[in-house]
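In the numbering used here, the protein residues as written are 1309 to 1398.
Note that the Cβ used here is the ideal one computed from N, Cα and C, for glycine as well.
What follows is a set of notes on a single structure, which appears directly below.
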Amino acid sequence: MSNVSNAPKKGKPFPVFETDADVGHFVDTADLSDYDLSGFKPMRFELEKKSKQINLRMPASLVDAIKARAKERNIPYQRLIREAIEESLR
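Here is the structure:
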(Lines of atoms letter the chains of each structure in order from A and count residues from 1; the text may use other names and numbers.)
(Lines give C-alpha, C1' and ligand atoms only; values in the text may rest on other atoms or scores of the structure.)
Protein backbone atom coordinates (compact mmCIF):
# COMPACT_ATOMS: atom_id res chain seq x y z
CA MET A 1 0.00 0.00 0.00
CA SER A 2 1.36 3.43 -0.94
CA ASN A 3 1.54 6.55 1.21
CA VAL A 4 0.86 8.73 -1.81
CA SER A 5 -2.31 10.76 -1.30
CA ASN A 6 -4.78 11.42 -4.11
CA ALA A 7 -6.01 14.55 -2.33
CA PRO A 8 -5.24 17.81 -4.12
CA LYS A 9 -2.09 19.52 -2.89
CA LYS A 10 -2.82 22.68 -0.92
CA GLY A 11 -0.78 25.62 -2.13
CA LYS A 12 0.74 28.53 -0.28
CA PRO A 13 -1.67 31.17 0.98
CA PHE A 14 -2.01 34.07 -1.41
CA PRO A 15 -0.20 37.18 -0.10
CA VAL A 16 -1.88 40.49 0.69
CA PHE A 17 -0.56 43.49 -1.24
CA GLU A 18 -0.47 47.18 -0.38
CA THR A 19 -0.19 48.65 -3.88
CA ASP A 20 -1.10 47.79 -7.46
CA ALA A 21 2.62 47.89 -8.26
CA ASP A 22 3.23 45.15 -5.67
CA VAL A 23 0.54 43.00 -7.30
CA GLY A 24 1.99 43.60 -10.75
CA HIS A 25 5.48 42.61 -9.64
CA PHE A 26 4.15 39.48 -7.92
CA VAL A 27 2.14 38.34 -10.95
CA ASP A 28 5.11 38.99 -13.26
CA THR A 29 7.57 37.00 -11.14
CA ALA A 30 5.66 34.34 -9.16
CA ASP A 31 4.65 30.84 -10.21
CA LEU A 32 0.93 31.03 -9.45
CA SER A 33 0.63 27.24 -9.49
CA ASP A 34 2.43 27.30 -6.11
CA TYR A 35 -0.47 29.19 -4.50
CA ASP A 36 -3.92 28.23 -3.25
CA LEU A 37 -6.29 30.10 -5.54
CA SER A 38 -9.41 28.20 -4.45
CA GLY A 39 -10.91 31.29 -2.82
CA PHE A 40 -10.73 33.31 -6.03
CA LYS A 41 -13.83 34.02 -8.10
CA PRO A 42 -13.93 34.73 -11.85
CA MET A 43 -14.40 38.40 -12.70
CA ARG A 44 -15.73 40.11 -15.80
CA PHE A 45 -14.74 43.58 -16.86
CA GLU A 46 -16.84 45.74 -19.14
CA LEU A 47 -14.41 47.67 -21.29
CA GLU A 48 -16.55 48.43 -24.32
CA LYS A 49 -18.41 51.74 -24.20
CA LYS A 50 -22.19 51.45 -24.17
CA SER A 51 -23.25 53.39 -27.24
CA LYS A 52 -26.92 52.46 -27.66
CA GLN A 53 -29.77 52.65 -25.18
CA ILE A 54 -32.86 50.44 -25.47
CA ASN A 55 -36.20 50.29 -23.66
CA LEU A 56 -37.60 46.89 -22.81
CA ARG A 57 -40.90 45.94 -21.19
CA MET A 58 -40.95 42.90 -18.90
CA PRO A 59 -43.20 41.53 -16.18
CA ALA A 60 -42.50 43.14 -12.80
CA SER A 61 -41.89 39.69 -11.30
CA LEU A 62 -39.08 39.07 -13.82
CA VAL A 63 -37.48 42.44 -13.07
CA ASP A 64 -37.68 41.66 -9.34
CA ALA A 65 -36.00 38.28 -9.89
CA ILE A 66 -33.27 39.89 -12.02
CA LYS A 67 -32.63 42.54 -9.36
CA ALA A 68 -32.44 39.89 -6.63
CA ARG A 69 -29.92 37.81 -8.61
CA ALA A 70 -27.86 40.92 -9.39
CA LYS A 71 -27.84 41.84 -5.71
CA GLU A 72 -26.53 38.34 -4.85
CA ARG A 73 -23.67 38.91 -7.31
CA ASN A 74 -23.19 42.52 -6.17
CA ILE A 75 -23.55 43.93 -9.69
CA PRO A 76 -26.05 46.35 -11.27
CA TYR A 77 -29.12 44.59 -12.64
CA GLN A 78 -28.60 46.11 -16.10
CA ARG A 79 -25.18 44.43 -16.25
CA LEU A 80 -26.75 41.08 -15.36
CA ILE A 81 -29.22 41.48 -18.24
CA ARG A 82 -26.37 42.41 -20.64
CA GLU A 83 -24.33 39.39 -19.51
CA ALA A 84 -27.30 37.07 -20.05
CA ILE A 85 -27.87 38.44 -23.56
CA GLU A 86 -24.16 38.20 -24.43
CA GLU A 87 -23.99 34.62 -23.11
CA SER A 88 -27.03 33.58 -25.16
CA LEU A 89 -25.34 34.91 -28.32
CA ARG A 90 -22.08 32.96 -27.87
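query: On a Cα-Cα basis, can you pick out the residue from P1384, R1390, Y1343, M1366 that is closest to K1360?; result: R1390
query: Restricting to Cα atoms, I'd like to know which of T1327, F1334, L1345 is closest to K1320.; result: L1345
query: What are the boundary residues of the alpha helix (DSSP H) that A1392 is part of?; result: 1385-1397
query: Can you give the Cα-Cα distance for P1350 and A1373, rounded to whole angstroms?; result: 22 Å
query: Taking the continuous alpha helix (DSSP H) assigned at L1370, which residues delimit it?; result: 1368-1381
query: Just to confirm my understanding: we take Y1343, look at its own chain, exclude 5 residues before and 5 after, and list those with CB closer than 7 Å. What are they?; result: G1319, K1320, F1322
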